[in-house]
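K.L.:
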Amino acid sequence: MKETAVLAAKEAARIIKKHVGKISQANIDLKRKFDYVTRADHESEKKIIEVIRARCPDHKIYAEESIKDGPGGYRWLIDPLDGTTNYIHAYPIYSVSIALEHDGEIVLGVVYDPTRDEMFIAEKGKGATLNGDPIKVSTIDDPAMSLVLTGFPFRSKKMVDLYLSSFKKIFARASDIRRDGSAALDFCAIACGRADAFWEIGLSPWDVAAGYLMISEAGGMMTDFFGKKNPLWTGNVVASNGILHPWILADVQETFAGHIDG
437 MKETAVLAAK
447 EAARIIKKHV
457 GKISQANIDL
467 KRKFDYVTRA
477 DHESEKKIIE
487 VIRARCPDHK
497 IYAEESIKDG
507 PGGYRWLIDP
517 LDGTTNYIHA
527 YPIYSVSIAL
537 EHDGEIVLGV
547 VYDPTRDEMF
557 IAEKGKGATL
567 NGDPIKVSTI
577 DDPAMSLVLT
587 GFPFRSKKMV
597 DLYLSSFKKI
607 FARASDIRRD
617 GSAALDFCAI
627 ACGRADAFWE
637 IGLSPWDVAA
647 GYLMISEAGG
657 MMTDFFGKKN
667 PLWTGNVVAS
677 NGILHPWILA
687 DVQETFAGHI
697 DG
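Residue numbers (this note's numbering): 437 to 698.
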């Protein structure tokens, strides 16, 4: 099934690259305020589903733009273009993210960065790789040495003040903070040691699924804001190399306690 996910990701990327820099306003739809979808999103998702259906016809699909099958058995969680706003502007940070769960447990994760030709793969119990080479999280243990990643709550503007409060708290202790615009690639950056920690609110399951396994298999940790594992369905994510998790989780909890549900 790894080969199926890799093929689907590469086929989707071929479509994405064909349209990059050519997206007009006529080809952009507004799903909800500040949340866009393009022709490339739809075509990419259609191709991914086509590849999966051809090879795994009995599997379920849970995709961002179309099919939402219920849980149970094998189910694919698909983000056909993570970083759509970047993509619209030809800002070269976006990805294809595909995960496979079995009876609710993520067993496979694939994230492909078409601009850098980087294929991240994680298999349950088998580790994580980047273009075939094993990857591990960093060993940074001092917040002052850490590079932290985040995402802005563009779907929940009412949370901006709280988010900025958490930003100031974490920024005061971290070496620096980056906001790249593709959560799937942020998770991969932590998995391969390019960054050390991450937090964001309001993510969707397809944003998180592949990255959750990627970080876990690379030796890191991902929880919700309450420290519970597997935050796919809460959307509120703290991820790290594991060593820094108590620090960033405590700062996030101090800010958001009483404002979000567990």
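Glycine is no exception: its CB is placed at the ideal position from the N, C-alpha and C atoms.
The structure presented is a predicted model; accordingly, all values stated were derived computationally and were not measured.
In whole angstroms, what separates the C-alpha of Ser-582 from that of Asp-622?
P.N.:
The residue given as residue 582 occupies position 146 in the sequence shown. The residue given as residue 622 occupies position 186 in the sequence shown. Looking at the two C-alpha atoms, the distance is approximately 14 Å.
K.L.:
Hey, is the stretch 525-532 in contact with the stretch 498-512, meaning 3+ C-beta pairs nearer than 8 Å?
P.N.:
No: fewer than three Cβ pairs fall under 8 Å.
K.L.:
Could you give the distance in angstroms between the alpha-carbon of Gly-563 and the alpha-carbon of Thr-575?
P.N.:
The residue you call residue 563 lines up with position 127 of the sequence shown. The residue you call residue 575 lines up with position 139 of the sequence shown. Each residue's Cα considered, the two are about 17 Å apart.
K.L.:
For the 8 Å Cβ check, are there 3 or more pairs between the stretch 621-641 and the stretch 662-674?
P.N.:
Yes: the two stretches touch, three or more of their Cβ pairs being nearer than 8 Å.
K.L.:
Could you check whether the stretch 551-563 touches the stretch 486-493, counting it as contact only if at least three pairs of C-beta atoms, one from each stretch, sit closer than 8 Å?
P.N.:
Contact fails: fewer than three Cβ-Cβ distances are below 8 Å.
K.L.:
So Ile-514 and Leu-649 are supposed to be a Cβ contact under 8 Å. How far apart are they, rounded?
P.N.:
Taking the first residue of the sequence shown as position 1, residue 514 is located at position 78. Taking the first residue of the sequence shown as position 1, residue 649 is located at position 213. 15 Å between Cβ atoms; not a contact.
K.L.:
Tell me, please, which residues DSSP counts as bridged to Gly-519.
P.N.:
Translated into the one-based positions of the sequence shown, residue 519 becomes position 83. Partner(s): none; Gly-519 has no beta bridge.
K.L.:
Would you list the one or two residues that DSSP bridges to Leu-536?
P.N.:
One-based indexing of the sequence shown puts residue 536 at position 100. Trp-512 and Leu-544.
K.L.:
According to DSSP, what are the bridge partners of Asp-549?
P.N.:
Within the sequence shown, the letter at position 113 stands for residue 549. Answer is Glu-554, bridged to Asp-549.
K.L.:
Closest to Gly-457 by CA distance: which of Lys-496, Glu-447, Thr-520 and His-478 is it?
P.N.:
Within the sequence shown, the letter at position 21 stands for residue 457. Out of Lys-496, Glu-447, Thr-520 and His-478, Thr-520 has the C-alpha closest to the C-alpha of Gly-457.
K.L.:
Pull up the distance between the alpha-carbon of Lys-719 and that of Gly-663, whole angstroms please.
P.N.:
There is simply no residue 719 to check, as the chain begins at 437 and stops at 698 in what is shown.
K.L.:
May I have the straight-line CA-CA distance separating Ala-499 from Arg-475, to the nearest angstrom?
P.N.:
Along the sequence shown, one-based indexing puts residue 499 at 63. Along the sequence shown, one-based indexing puts residue 475 at 39. Their backbone Cα atoms lie some 15 Å apart in a straight line.
K.L.:
Give the straight-line distance between the Cα atoms of Phe-603 and Pro-493, rounded to the nearest whole angstrom.
P.N.:
Counting from 1 along the sequence shown, the entry for residue 603 is found at position 167. Counting from 1 along the sequence shown, the entry for residue 493 is found at position 57. In a straight line, the C-alpha of Phe-603 is about 44 Å away from that of Pro-493.
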